[in-house]
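The block underneath contains the structure these notes are about, expressed in C-alpha cells.
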Amino acid sequence: MLEMSYIREHQDEIRNVIERRHVKVDLDGLLQVDEQRRSSIQQVDMLRAKRNSLSEQIAKMSADERQETVSQVKSIKVELENLESGLTELEASYQALVRDVPNLLSPEVPSGKSDADNVEVRRWGTIPKFSFAPKDHVALGEALELIDFDRAAKVAGSKFYFLKNEAVLLELALKQYAINLLVAEGFSPIKTPVLATKTVLDGTGYNPRGAETQIYSIENSDLAMIATSEISIGGYFSGEVLPAASLPAKFAGISECYRTEAGNYGRFSKGLYRVHHFDKVEMFIYALPEQSEAMHQYILSIEEKVFQGLEIPYRVVAICDGDMGAVAYRKYDVEAWMPGRGEQGDFGEVTSCSNCTDYQARRLNVKYRTPDGKTALVHTLNGTAIAISRGLIALLENHQTEDGNIRIPQALRQYLGGRELLIQK
RNA sequence: GGAGAGGUGGCUGAGUGGCCGAAAGCAACGGUUUGCUAAACCGUAGACUGCGUUUUAGCGGUCCUCGGGUUCGAAUCCCGACCUCUCCGCCA
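This note's numbering applies: residue 7 is where the first sequence begins, and numbers increase by one.
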C-alpha cells in the first residue's frame, strides 16, 4: 500500500506506474472517494468537537441547567450517526481502492510487456554437454524411483507428488545446505506457521480471494495456507516498532508452501516445476530504508552462491515492469539451466527476490524508531534460498550420468554421508 | 473440552463513569556534571489522522486487544470475538 497523500500529489507518476505494470486500478475513482472521504471526515470531526465540548460543560452544570444541553447533544448524536455511517461506507470503498495501487518502480527496472522482455544481467557456469541423450527430471525420477506423480494423483490430484528414497535424502540435504549457508551469513532460522490469517495475507500483498488467487483458504475460518514463508515472516513483526539497531533483521524461513496454481494448467508445468505444494528455504529481511537497495543485491548474491555451490549453471534476470507484481519495487529472478526443459534444454526460474520498500510495511504496520525518537516504516525484502521442487529439477537434470545415476556436487556431499553418486549400488 | 483470571503507551504497571491520552518506574531523546565510560541531576517526549502552516504553529478528531451496546459523556458499565495465564480433563 502507498500513502494516500503521496498518490494524491504524484498522480502522473502513479498513472505511469499503473500503465507500466498492466494492472487495473481505478485511480480516478480512488481520488474521488478520497476527496469525499476527507470532506466527510471534516464534517464528522466538527460535530464530534461540538459534542465533546458540550458534554464537558454538562459535567460542570447543576442538575436543572443540564436538561437543555443534554437534549442538544442528543440531537447532535442523531445527526452524527448518519454522517458516521456514510463515512464508514466511504472508508470501506477507499480501503478497497487504495490497496489496488501498486508499489512505485525503481528507476533501474527495465520496461517491457511480459516476461519475454526481462533483461538478462549475467550468466554463470557452463551449460553441460552430454555425450548421451539426457533425460528430464520426470523420467529420471521414475527410473530411479525418486518421484511418483501417478500415485500422488490418486491421493491428492494432479500437481502433487510423492518424493521417495534418495530424493527425500536429497531434499533434506538441500535444506541443510541452504540453512547452514544462511546461518553463516547471520540469518536467524525460523520455522513458521503454514497457515496465516487473511489480514496477514493482505498485508503482504497476497489476495486470498478471487478466481485467480494462488492461495488455499481454510473453510469456516479466517485462515489460509501460506504460499511462501514470506507471508508468515512478514506478519511476524506486524504492528511492532523495532529498535533501529536491530535492523537489518535477517530471517531464514523454513516452511512448506501451498499454491493453487489456478489457471496454470499445461503451461511449463511439467513434473515438479509447477506443483501445489513444496518445501522452501526463504530469505526475509527487515531493513532500514537506506539499507534496502544494498540488501536486495545481497540477497541476490546469496541466491547465486547457493546455485554456484550446487554447480548448476544459471542466469540472473532483471524483471521488467510489465512482468512484475504489484508489491515489488524491484525484482530479480535466478533462472537455472534445466537440460530436460524443451527440446534443447532451457533456463527455468528457481529463485526470485524482491525489494518491497515500505509497501508491505505500511499495511502490516512495521516500524522502527529513528534517532530523533520518531517512528518510520521499515523496508521489507524477500528472496528464495532454495525451493526444493525446482532445485531438484536442476540438480537431477544437470548432474545425471550416462549410466543413469546422479552426481552429487561437492558442497552437498557432507549432507549425504559423503556420497559422490546419489544412488548407491 | 470444562472452570477461573486477565489483555492499558517502546517496556513494566496504576487507574472502576467527567478533574484521564492516561500516574509511576524503566527505556529513549536533549542538556548539566565528568579525564573517558558509568552514575547522578535537570528537561523533552505516545501513535494515527483531518484542516492549516511551508520550514514551521497551531486547531480538531480517533486510539487503553478487536467489534457491538448503554450514557449528554466510557480505559472504566454491558454483550460478543480473539488472544494470554492458572487449574482440571484429553492427547500426539
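Glycine included, C-beta positions come from ideal geometry on N, C-alpha and C.
Take GLN78, set aside five residues on each side of it, and no residue of its chain has a beta-carbon closer than 6 Å to its own. PRO254 and ILE291 do touch by the CB rule: their CB atoms are close to 5 Å apart, below 8 Å.
Proximity to GLU148 across GLU172, SER137, GLY131 peaks at GLU172, based on C-alpha coordinates.
In terms of CA proximity to PRO377, ALA251 leads the group ALA251, TYR365, ARG157.
Around the C-beta of ALA400, 16 or more other C-beta atoms lie within 10 Å, and the residue is accordingly described as buried. Straight across, the Cα-Cα distance linking LEU86 with CYS359 is about 48 Å. Annotation: MET330 to SER61 spans about 54 Å, alpha carbon to alpha carbon. The Cβ-Cβ distance between PRO214 and SER223 falls below 7 Å. Sixteen is the threshold: since fewer than 16 other Cβ atoms of the shown chains lie within 10 Å of the Cβ of SER164, the residue is exposed.
Measuring C-alpha to C-alpha distances from GLY389 to each of GLN303, TYR374, ASP51 identifies GLN303 as the nearest. Exposure of ALA65 is indicated by the presence of fewer than 16 other C-beta atoms within 10 angstroms of its C-beta. With a beta-carbon spacing of about 4 Å, ARG336 and SER112 fall inside the 8 Å limit used to define contacts. The beta-bridge partner set that DSSP reports for GLY259 consists of ILE196, GLU288. Exclusion of the five residues before and after LEU175 leaves LEU422 as the residues of its chain whose Cβ lies within less than 7 Å of its Cβ. Around the Cβ of PHE138, a 10 Å sphere holds fewer than 16 other Cβ atoms; the residue is exposed. In the structure shown, the three-state DSSP call for ILE429 is coil.
Out of LEU150, ASP40, GLN420, ILE133, the CA that lies nearest to the CA of GLU15 is found in ASP40.
Per DSSP, the continuous alpha helix (DSSP H) segment holding HIS302 begins and ends at 298-315. DSSP assignment within the stretch 177-257 yields the following whole beta strand (DSSP E) runs of 3 residues or more, N-terminal first: 194-197, 201-203, 229-231, 247-249. With a 10 Å radius around the Cβ and a threshold of 16 neighbouring Cβ atoms, THR363 comes out buried.
Excluding the 5 residues flanking it on each side, LYS181 has same chain C-beta neighbours closer than 8 Å at ILE260, ASP285, VAL287, ILE392, ILE394, in chain order. DSSP places ASP378 outside any alpha helix (DSSP H), giving it a letter other than H or E.
Each of VAL247, THR407, ALA122 was checked against the Cα of LYS373, and the nearest Cα belongs to VAL247. By the C-beta density criterion, PHE136 is exposed, having fewer than 16 other C-beta atoms within 10 angstroms. In the three-state reduction of the DSSP assignment, GLY92 falls in the helix class.
Looking at the DSSP output, LEU111 bridges to nothing.
In this structure TYR242 does not touch GLY354 by the C-beta definition: roughly 31 Å separates them, more than the 8 Å allowed. Pairing TYR100 with SER11, the inter-Cα distance amounts to about 13 Å.
Residues of the same chain with a CB within less than 8 Å of the CB of VAL127, apart from the 5 flanking positions on each side, are ARG321, VAL322, VAL323, ALA324, TYR338 in chain order. Beta-bridge partners assigned by DSSP to LYS337: SER360. Its chain contains ALA179, TYR183 as the residues whose beta carbon lies nearer than 6 Å to that of LEU418, once the 5 sequence neighbours on both sides are disregarded; these appear in chain order. DSSP places ALA55 inside the alpha helix (DSSP H), whose first and last residues are 33-66. Take the alpha-carbon of ARG57 and the one of ILE47: they are about 15 Å apart. Here the C-alpha atom of GLU296 lies approximately 20 Å from the C-alpha atom of ILE308. In the structure shown, ASP409 falls within a coil segment according to DSSP collapsed to helix, strand and coil. Bounds of the alpha helix (DSSP H) holding TYR12 are 10-15.
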